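Sequential numbering from 12 applies to the sequence shown in this note's numbering.
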Amino acid sequence: MLKQFFLAILLSIFFCFNTISDSAQLSAKTTFKSIYHELNGTVKPDFDLFEKAYLGYIDLKLSGHINADNHIFSIIDFRLPSTEKRMWVIDLKTKNILFHTYVAHGENSGKKYALYFSNKVNSHQSSLGYYLTEETYYGKNGLSLKLKGLEHGFNHNARKRYIVLHGADYATEDYLKENGILGNSEGCPAIPMEIHQQMIEVSKNGSCLFIYFPDLNYTEKSMYFNE
């Protein structure tokens, strides 16, 4: 009960609930459910995933790893195939789902599904866990967004591996219709070229990205995600 009380206080601070006393009486599940159902969007991320991912997000904010003034939270659910839209960009302050779109995974993680993950340089696999978005730059894929991996052993080599958020023609719906599947990156989360600039502008400089798959090594050892 004490844990739920402090959790309700934290949520009230981050999202400006009017009365802490009312929030304190809610269970953690009810509190998260309320936030979840306030999200504006046709298709929302899975509730259980959102709840667990969001707890880690709060921990990262409290520990100072994420800018307290940045309310953009992105989730990639790699349980879904690349043929489905599996990335959400959410403004937690306004409760708006800004983008729900396709995202490609690393070529050595699998074809239709991402099943294998690595933190090693040149693995060409996707990496799980929480990331901090940093600065933008222009590279071979146009405007791109650098990512800092926040979880040692799972994604802390993101900068060394040049893991960035970038646009790609092989991550578009047209490519999917022609090929029946998205293409693959060298480990980066690649998004549709036609919206990549807007997504990057919204997400840059201190927002949080969470990439999930129920990999036991990750879910049992992550400091921030609790299965």
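Each residue gets a CB set at the ideal place from its N, CA and C atoms; glycine is no exception.
All figures in this text were calculated on a predicted structure; none of them were measured in a lab.
Query                                                                                                                                                                             : Result
If you measure between the beta carbons of K157 and R170, is that distance less than 8 Å?                                                                                         : yes
Can at least three beta-carbon pairs, one atom from the region 103-116 and one from the region 205-216, be found at a separation below 8 Å?                                       : yes
Identify every run of the beta strand (DSSP E) within the region 105-147, keeping only runs that are complete inside it and at least 3 residues long; order them along the chain. : 107-112
Report buried or exposed for H207, applying the criterion of at least 16 other Cβ atoms within 10 angstroms of its Cβ.                                                            : buried
Quick check on this structure: which residue in E162, A125, L50 and N195 has the alpha carbon closest to the alpha carbon of L143?                                                : E162
From what residue to what residue does the alpha helix (DSSP H) around G67 run?                                                                                                   : F58 to L73
By Cβ distance, which residues of its chain are closer than 7 Å to A255, with the 5 residues on each side in sequence left out?                                                   : Past the edges of the chain, shown from 12 to 238, lies residue 255, and the structure says nothing about it.
May I have the straight-line CA-CA distance separating C199 from F61, to the nearest angstrom?                                                                                    : 22 Å
Taking all protein chains shown into account, do 16 or more other C-beta atoms lie within 10 angstroms of the C-beta of S74, making it buried, or fewer, making it exposed?       : exposed
Taking Cβ positions, are N152 and G160 nearer each other than 8 Å?                                                                                                                : no
Report all residues from its chain with a CB closer than 7 Å to the CB of F43; omit the five preceding and five following residues, and keep chain order.                         : E62 and Y65
What's the gap between the Cα of N71 and the Cα of L103?                                                                                                                          : Sequence inspection shows Leu at residue 71; the Asn mentioned does not correspond to that position. Spanning the two alpha carbons is a distance of roughly 15 Å.
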